[in-house]
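See below for the structure under consideration.
2 protein chains.
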Amino acid sequence: MAYPQISIPTVQRLAQVYARLGELRSKGTRKVSSTQLGKELGTGSHNIRKDFSVLGEGAGQAGAAYDVEFLRNRIQQRFGLGRTIRACIVGLGRLGTAIADYDSLRKAGCDIVAGFDSNINRVETIRIGIPVHPAYQISQVVRNEGIELGILTVPVFGAQEATNRLVQGGVQVILNFVPSKVDVPSGVVVRNIDMITEYLIASAFVTLKSESQNDTEERI
Amino acid sequence: MAYPQISIPTVQRLAQVYARLGELRSKGTRKVSSTQLGKELGTGSHNIRKDFSVLGEGAGQAGAAYDVEFLRNRIQQRFGLGRTIRACIVGLGRLGTAIADYDSLRKAGCDIVAGFDSNINRVETIRIGIPVHPAYQISQVVRNEGIELGILTVPVFGAQEATNRLVQGGVQVILNFVPSKVDVPSGVVVRNIDMITEYLIASAFVTLKSESQNDTEERI
DNA sequence: TTAGATCTGTGAATTTTTTCACCAACAGGC
DNA sequence: GCCTGTTGGTGAAAAAATTCACAGATCTAA
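Chains as they are written, first to last, in my numbering: chain A, 127 to 346; chain B, 127 to 346.
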């Protein structure tokens, strides 16, 4: 490979940087330093610069910081973030319909072109502006529509079956909002967005924090 | 401290294990091995056992795996996950109201007792079963109600101000669904749940995957 | 032009995290 | 009871990620 292997934390941070650069650009900011980016992501400037090394040479100018527009394009190109990805939502409950209407996702390049629900008569289906299909048609519609990404917002017990159908239709990426893991063949990328676990992690940190205060120690 | 320092990845995995143990328990499963838990979390059994070392001795029985109920209690006790935490939601748009109705969160111990919105006349306010207040009352209500956790679902431009008010009221934990970082005083725990960034990470991985296929290399 | 401050890029050192290797403990069949 | 296969616990080794340190480039201001 022309470029070095890229570690997972690095990809994550670069994606965050990319999102942040979009905000800066729309505010009209032209330049940004690694120090500032580091501060905003909650890490050190060293880390940011190290991450940027995967972008090849000349990403920034020594002494003159990074050009917002140029850097954004560089990241976009490196990770193929420019193109629009066709997506669908499985599970049109409150959360699913909320996401279907979430404008920031569309702006990021996620084009939601279909919705699925096991109950085709749901009231909510009226309120969203995308074609809705029954769940048993997932594979077929995904294939016909050239959908690459699936958003899972079904109840826990239906998650694996929905996943299987998405994969069978040819989906490559799944954003899983269901608080349980799903199995996929190797090659399919799953990102879990699990607010239950996040809640638990947060409460655990609070407990640990109060412990370490008692010990006059810092951590976390 | 009586226990060793606990690393952040360990806390995260243990929270995931805890959530998983809850599922297993409700399915009636009595025993679970480190191998199985590792598989479900996408890591090795070594890692799981290493993590459990922070729980003290006797968490499991050699040859007999872990007792689901016992292990769950042990984690609960270690991280204070048993108690109910009073919470509020700031921003009652589609996402906010969806979360307010999200039953799994309540089951995990998150008791949402108030909602806030800058537009008090929102239609959606009618549809949720919690008292709703205007945003300028955040600090006061949070303090009076003894709210410890705030869920942020406002637009980007209002996030920092809402955060400040939550912190001023005495909130210790924030679940931030807004796709931008917020500043908090040290001591306040923030967990970012940012689906835009998750989307970007997922698409980046897809690009990298296709690259590494060309090179007959595996990563990610 | 010059001085001083700021910034990037990167090899090396450090720290953190994961993985390994292996012993003792236990369950179940016979 | 006794053997066999499986499992947990843990110190040591390996791998990965972060932080450091500094050379070299650029900008600003006087």
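Backbone N, C-alpha and C fix where the C-beta goes; we use that ideal spot for every residue, glycine too. Predicted model only: the values in this text are computed from it and were never measured.
Using a Cβ-Cβ distance cut-off of 7 Å, determine whether B:Asp-309 contacts chain A. Not a single C-beta of chain A is nearer than 7 Å to the C-beta of B:Asp-309.
Buried/exposed call for A:Asp-320, threshold 16 Cβ in 10 Å: It is buried - the Cβ of A:Asp-320 has at least 16 other Cβ atoms within 10 Å.
Look up A:Val-314 in the DSSP assignment and say whether it is helix, strand or coil. Three-state DSSP puts A:Val-314 in coil, outside helix and strand.
4-residue-minimum alpha helix (DSSP H) runs that sit fully inside the region 252 to 309 of chain B, ordered along the chain: Taking only runs of at least 4 residues, the alpha helix (DSSP H) segments lying wholly in the region 252 to 309 of chain B are 264 to 271, 285 to 295.
Mind checking if A:Ala-141 is an interface residue toward chain B, Cβ cutoff 7 Å exclusive? Using a CB distance cut-off of 7 Å, A:Ala-141 counts as an interface residue toward chain B.
Name the DSSP bridge partner or partners of B:Phe-242? Beta-bridge annotation (DSSP): B:Phe-242 is paired with B:Val-216, B:His-259.
Going along chain A in order, which residues have a C-beta closer than 8 Å to the C-beta of B:Ile-322? Here the neighbours are Ala-145, Ser-230, Leu-231, Ala-234.
Buried versus exposed, by CB contacts within 10 Å (16 or more), B:Tyr-262: By the neighbour-count criterion, in which a residue is buried when 16 or more other Cβ atoms sit within 10 angstroms of its Cβ, B:Tyr-262 is exposed.
Do we get a CB-CB distance below 7 Å when we pair B:Leu-207 with the residues of chain A? It does: the Cβ of B:Leu-207 has a partner Cβ on chain A nearer than 7 Å.
CB contact check: A:Val-268 to chain B, cutoff 7 Å: So, not an interface residue.
Buried versus exposed call for B:Val-297 [16 or more other C-beta atoms within 10 Å across all chains shown]: Of the other Cβ atoms in all chains shown, 16 or more fall within 10 Å of the Cβ of B:Val-297; this residue is therefore buried.
So, with DSSP's three-state summary, where would you put B:Tyr-144? When DSSP states are grouped into helix, strand and coil, B:Tyr-144 belongs to the helix group.
Indicate whether at least one CB of chain A lies closer than 7 Å to the CB of B:Val-137. True, the Cβ-Cβ gap to chain A drops below 7 Å.
Are three or more beta carbon pairs between the region 226 to 240 of chain B and the region 321 to 332 of chain A nearer than 8 Å? Segments in contact, yes.
Using a Cβ-Cβ cutoff of less than 7 Å, which residues in the same chain neighbour A:Val-282 once the five nearest sequence positions on both sides are dropped? Taking C-beta separations shorter than 7 Å and ignoring five residues to either side along the sequence, the partners of A:Val-282 in its chain run Val-304, Pro-305, Ser-306, following chain order.
Between which two residues does the alpha helix (DSSP H) harbouring B:Gly-164 extend? That run of the alpha helix (DSSP H) goes 160 to 167.
Contact between the region 206 to 224 of chain B and the region 239 to 246 of chain B: three or more CB pairs below 8 Å? As far as the Cβ criterion goes, the region 206 to 224 of chain B touches the region 239 to 246 of chain B, which means the pair count is three or higher.
Within chain B, partners of A:Ile-215 - CB distance below 7 Å: Using a Cβ-Cβ cut-off of 7 Å, A:Ile-215 is close to nothing in chain B; its nearest Cβ partner there is about 12 Å away.
As a quick exercise: from A:Val-310, A:Ser-230, A:Gln-131, A:Arg-175, pick the residue whose alpha carbon is nearest that of A:Thr-161. Per the Cα distances, A:Arg-175.
Residues that A:Lys-157 bridges to, as DSSP identifies them: The secondary-structure analysis by DSSP pairs A:Lys-157 across a beta bridge with A:Asp-193.
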